[in-house]
Amino acid sequence: CAPGCALLPLLLLLLRAGQPRGAELTFELPDSARQCFHEDVEQGATFSLDYQVITGGHYDVDCYVEDPQGNVIYRETKKQYDSFTHRAEVKGVYLFCFSNEFSTFSHKTVYFDLQVGEEPPILPDMGNRVTALTQQPPTPGLKRSSCLSLPSSWGPQAWCHHAWLIL
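Under full-length UniProt numbering, the sequence shown has 129 at position 129, and the numbering climbs by one with no breaks.
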């Protein structure tokens, strides 16, 4: 092993520390079922959960989030989609659950995105902006990207994402 190569894993770990992390998943939720996911969150870290039912029944699920002490910090019933952001008051494993227990015959397909930590701004002054980039008027050097809409067969909500790209 060359000098310093033993320190490479430690260096990579230190570079990764403090960076935001996340997971996106689309999963099947059978009728009368519940599916939970776990994530270890540091005290003071912010996490965001976004979810949407993309197929099945009335496009609705129950969702709840529990902190490491078993306290329910978020609960919604029969939602098609929602978002939840929270700053962790305690360190530990948080539980993110989706339930279709109220449905006896229709399974659902659920998409969710969980982000832990805060993404640093891409540009130095981005942290000072109040409005989203998609609400900013076009300026020279910026180009609007194409808009992506989900098929209407996926539900009553069409999602459209916009972005500005620096040329």
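We treat Cβ as the ideally placed atom computed from N, Cα and C, and that holds for glycine.
Using only the alpha-carbon positions, how far apart do residue i and residue j sit?
{"i": "H107", "j": "E28", "result": "7 Å"}
{"i": "I54", "j": "T109", "result": "6 Å"}
{"i": "K79", "j": "V61", "result": "5 Å"}
{"i": "F47", "j": "L95", "result": "12 Å"}
{"i": "Q52", "j": "T26", "result": "9 Å"}
{"i": "G57", "j": "S103", "result": "8 Å"}
{"i": "S32", "j": "E118", "result": "35 Å"}
{"i": "Y81", "j": "G70", "result": "24 Å"}
{"i": "A23", "j": "L114", "result": "5 Å"}
If you count every other CB in all the chains shown that lies within 10 Å of the CB of residue i, and 16 or more means buried, which is it?
{"i": "F112", "result": "buried"}
{"i": "S83", "result": "exposed"}
{"i": "residue 177", "result": "Any answer about residue 177 is impossible in this case: the structure gives the chain only from 1 up to 167."}
{"i": "V116", "result": "buried"}
Less than 8 Å separating the Cβ of residue i from some heavy atom of the ligand ADP?
{"i": "Q52", "result": "The ligand content of the structure shown is nil, which means the ligand ADP is not present either."}
Give me the residue from the options with the minimum Cα distance to residue i.
{"i": "D67", "options": "S103, A45, R34, E118", "result": "A45"}
{"i": "Q35", "options": "H86, L49, Y64", "result": "Y64"}
{"i": "L21", "options": "E39, A33, P30", "result": "Checking the sequence shown, residue 21 turns out to be Arg, not Leu. Out of E39, A33, P30, E39 has the C-alpha closest to the C-alpha of R21."}
{"i": "A88", "options": "D31, F98, P30, V41", "result": "V41"}
{"i": "V72", "options": "C97, S32, D50", "result": "C97"}
{"i": "Q43", "options": "Y81, N100, V90, E101", "result": "V90"}
{"i": "P30", "options": "E101, T77, E118", "result": "E101"}
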